[in-house]
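Colleague:
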Amino acid sequence: MSVKLIDLQNITKAYGDNTVIDDMSLYIRENEFLTLLGPSGCGKTTTLRIIGGFETPDKGRVMFNGVDITDLPPNKRQLNTVFQKYALFTHMNIEDNIAFGLKIKGKSDKYIRDKIEYALKLVNLQGFGKRMPDSLSGGQQQRIAIARAIVNEPKVLLLDEPLGALDLKLRQDMQYELIRLKNELGITFIYVTHDQEEALTMSDTIVVMNQGYIQQIGTPEDIYNEPENAFVADFIGDSNIIDGIMIQDELVSFLGAKFPCVDTGFGTNKPVDVVIRPEDVILTSPENGVIEGTVTHLIFKGVHYEMEVMAGGYEWLVHSTMMFPIGAKVGINVDPFNIQIMNKPESEDEEAVSVEE
Amino acid sequence: MKNKIRLLTGPYLAWALAFIIIPLCMILYYGLTDRTGSFTLDNIMSIATDEHSKALILSVILGAISTVICLILGYPLAAILAHMKSRTGMILFIFILPMWMNFLLRTLAWQTLLEKTGVINTFLKMFGFNTINIINTYKAIILGMVYNFLPFMVLPLYNSLTKIDENVVNAARDLGANKIQTFLKITLPLSVPGIISGITMVFVPALTTFVISTILGGSKILLIGNVIEQQFTQSGNWQLGSGLSIVLMAFIVINMVVTAIFDKNGEGSML
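From first to last, the protein sequence lines stand for chains H and C. For reference, each letter of the first sequence is one residue, going 43 to 399 in the numbering used here. For reference, each letter of the second sequence is one residue, going 2 to 272 in the numbering used here.
1. Out of C:V169, C:E167, C:L241, which has the shortest C-alpha to C-alpha gap to T50 of chain C?
2. S198 of chain C lies in the alpha helix (DSSP H); which residues open and close that run?
3. Tell me whether the beta-carbon of I278 of chain H lies closer than 7 Å to the beta-carbon of L76 of chain H.
4. Cα-Cα, which of C:G38, C:V170, C:E116, C:L93 is closest to V155 of chain C?
5. CA-CA distance, G38 of chain C and R7 of chain C?
6. Along the chain, which unbroken stretches of the alpha helix (DSSP H) at least 4 residues long are found entirely within the segment 88-117 of chain C?
7. Could you tell me which residues DSSP pairs with I289 of chain H in its beta bridges?
8. For the putative contact between Q126 of chain H and N168 of chain C, defined by C-beta atoms under 8 Å, what is the C-beta separation to the nearest angstrom?
9. According to DSSP, what are the bridge partners of M244 of chain H?
10. Against P99 of chain C, what residues of chain H qualify as contacts under a CB-to-CB distance less than 7 Å, listed in chain order?
11. In terms of residue numbering, what span does the beta strand (DSSP E) encompassing F106 of chain H cover?
12. Alpha carbon to alpha carbon, how far is L208 of chain H from N139 of chain H?
13. Just to make sure I have the definition right: I need the residues of chain C whose C-beta is within less than 8 Å of the C-beta of P204 of chain H. Which are they?
14. Return the Cβ separation of V45 of chain H and E72 of chain H in integer angstroms, given the expectation that the two are a contact with Cβ distance under 8 Å.
15. Who are the neighbours of L176 of chain C on chain H, taking C-beta pairs under 8 Å?
16. What residue does the beta strand (DSSP E) around L74 of chain C start on, and which one ends it?
17. Applying the 10 Å Cβ sphere with the 16-neighbour rule, what's the burial state of G143 of chain H?
18. Which value, in whole angstroms, describes the spacing of the CA atoms of K180 of chain C and G94 of chain H?
19. Pull up the distance between the alpha-carbon of I221 of chain H and that of M85 of chain C, whole angstroms please.
20. What ranges does the beta strand (DSSP E) occupy inside the segment 145-216 of chain H, keeping only unbroken runs of at least 3 residues that lie completely in it?
21. Taking DSSP's pairing of strands, which residues face Q258 of chain H in a bridge?
22. What are the residues in the segment 158-174 of chain C lying within 8 Å of chain H by C-beta distance?
23. Does the segment 363-382 of chain H come close enough to the segment 312-330 of chain H that 3 or more CB-CB pairs lie under 8 Å?
24. I'd like to know whether the C-beta of N227 of chain C is nearer than 7 Å to at least one C-beta of chain H.
25. Determine, using beta carbons only, whether K386 of chain H and D315 of chain H come nearer to each other than 7 Å.
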């Protein structure tokens with residue numbers, strides 16, 4: 043698990059004046075499910091295309107198993123891509139689509155037949171071999187695209203928003219399907235998406251990107267529970283991001299009240315961003331809360347109620363299984379370990395990470 | 002509401018009736034009758050005479066050669082245009098610009114250029130080169146056809162090539178195909194509708210033209226278009242002219258049916 047299979051070293055890529063990736067370094071370990079996550083235009087697809095060989099970086103090297111492959115054309119790389127919108131060959135039937143790579147490599151007919159059968163079984167589409175791509179649903183086409191890639195036994199499978207065109211239910215099914223495939227094949231997946239839920243569900247490692255910079259690398263739990271900056275906090279799930287002052291270690295003040303927290307090392311009386319997840323906001327009776335407020339919005343979401351609470355001059359987003367009607371006076375409490383303290387961005391580089399909606 | 006919209010098609014229907022349906026019926030009538038007005042197949046069968054069949058065969062050969070040359074010249078051009086990310090519009094515009102000039106004028110210009118004492122030969126002589134004498138030959142006619150009809154080949158090719166998803170080509174490369182394999186197995190088959198449309202768009206006018214052959218081929222080379230024209234303008238034999246037109250139309254219809262079979266997606270064929 044610790045071998046660096048792909049190593050991106052100081053990659054920079056610009057289109058004209060527009061720098062899409064700026065001096066990015068990242069490594070991907072063998073057998074890892076790594077997700078590049080970020081809003082559109084953050085450089086995640088370009089990163090994938092550089093790994094796939096469809097783009098050449100302006101600066102930096104791409105290492106694969108210790109070998110420099112920066113200038114190697116895509117057909118010479120030991121990895122395969124599953125493209126956005128499937129990119130099946132519409133003039134060939136499913137069998138010929140799947141066999142394409144194997145025929146190019148001059149495999150025997152029997153080998154190819156066995157592989158087609160194996161791949162169709164793997165993606166649960168036995169008997170579809172003679173059909174044309176157009177006659178398949180989006181989800182089926184996507185599975186064929188995956189089958190077409192994996193019969194070539196790549197070391198790494200690159201997936202570029204493969205579920206983006208599917209409806210919600212299918213997307214969730216396909217997420218489990220992909221995890222199963224990954225475990226069965228035992229290969230490395232590099233997955234690009236803007237959907238944070240997809241990233242959290244499937245990944246071993248998430249790389250959050252924005253404006254060509256890596257914002258944070260970590261496990262889904264790290265990224266969700268310990269976002270390193272306001273951008274990550276805002277992009278992964280919903281958050282309350284509030285201006286605060288770090289009075290001293292383990293004590294922060296915001297919205298006119300003092301909250302005990304667990305963070306240390308920020309100095310004294312330092313301006314910070316305070317991040318609190320909506321499900322970590324505890325609503326109680328007004329006299330028991332640190333801050334008092336009024337419920338302004340209420341929506342039933344199934345698992346929980348989503349409420350907005352005006353308190354201390356800030357509109358708090360609150361997820362709770364307990365319902366407080368609109369207009370109700372409530373008190374707000376937050377457990378110390380649920381308060382996440384982050385430095386405010388200082389330099390311009392860091393400004394790039396700031397939240398843009 | 003629906004009826005009102007249908008009414009809007011009225012002017013076109015009247016136009017089609019007056020200038021498409023009725024003339025077609027007249028050609029059919031003339032083609033299938035003799036001067037006394039009684040039914041005959043002689044006009045149509047006259048395609049079998051030596052003179053007429055030679056003209057038709059020559060037209061098919063010259064048209065086919067021109068079409069092939071247009072395809073060979075047009076495909077790379079269309080492919081380059083389709084791959085350009087910017088300025089495509091400008092280059093297409095420059096390319097199509099000559100089409101805004103009168104067709105006759107363009108062809109007459111070639112005559113002036115190619116004449117024995119024409120512009121090209123004057124220059125060649127000036128620098129001591131051998132002159133080229135292709136005016137009034139098949140070569141000049143083919144040159145005229147290629148020059149005039151090339152845009153009709155490039156545009157459908159360009160359209161079909163731009164419709165190919167870049168990622169489909171990338172996928173072939175990703176699966177191990179080199180550039181030549183990718184072209185032969187992916188790009189070329191996927192552009193077949195454009196090729197078929199282009200062939201139709203060039204071959205049909207090339208087959209029927211009489212202007213190009215008259216201006217650049219002199220009076221000695223007779224294409225089927227010239228034969229038909231002569232029947233109407235010189236011999237005054239509308240019956241024979243119509244009969245030959247029907248044969249030519251049958252040829253074109255066959256061509257277009259073949260097109261329609263290949264061109265399932267309807268990339269702009271005329272049928």
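Idealized CB from N, CA, C, for every residue including glycine.
Modeller: Answer, in terms of the structure:
1. C:L241
2. 193-209
3. Taking 7 Å as the Cβ cut-off, I278 of chain H and L76 of chain H do not qualify as a contacting pair.
4. C:L93
5. 39 Å
6. 89-97, 104-115
7. Per DSSP, none; premise fails for I289 of chain H.
8. 7 Å
9. Paired residues: none, contrary to the question.
10. Going along chain H, no residue has its Cβ under 7 Å from P99 of chain C, so there is no contact; the nearest lies around 33 Å.
11. 101-106
12. 21 Å
13. Against chain C, the beta carbon of P204 of chain H has no neighbour under 8 Å; the closest one sits roughly 12 Å away.
14. 5 Å
15. N117, N122, F142, G143, I146, R190, A191, N194
16. It is not in any beta strand (DSSP E) - L74 of chain C instead sits in the alpha helix (DSSP H) that spans 51-84.
17. buried
18. 16 Å
19. 39 Å
20. 198-202
21. Answer by DSSP bridge pairing, in chain order: H:V250.
22. D166, N168, V169, N171, A172, A173, R174
23. They touch, by the three-pair rule.
24. no
25. Yes, Cβ-Cβ distance for K386 of chain H and D315 of chain H is below 7 Å.
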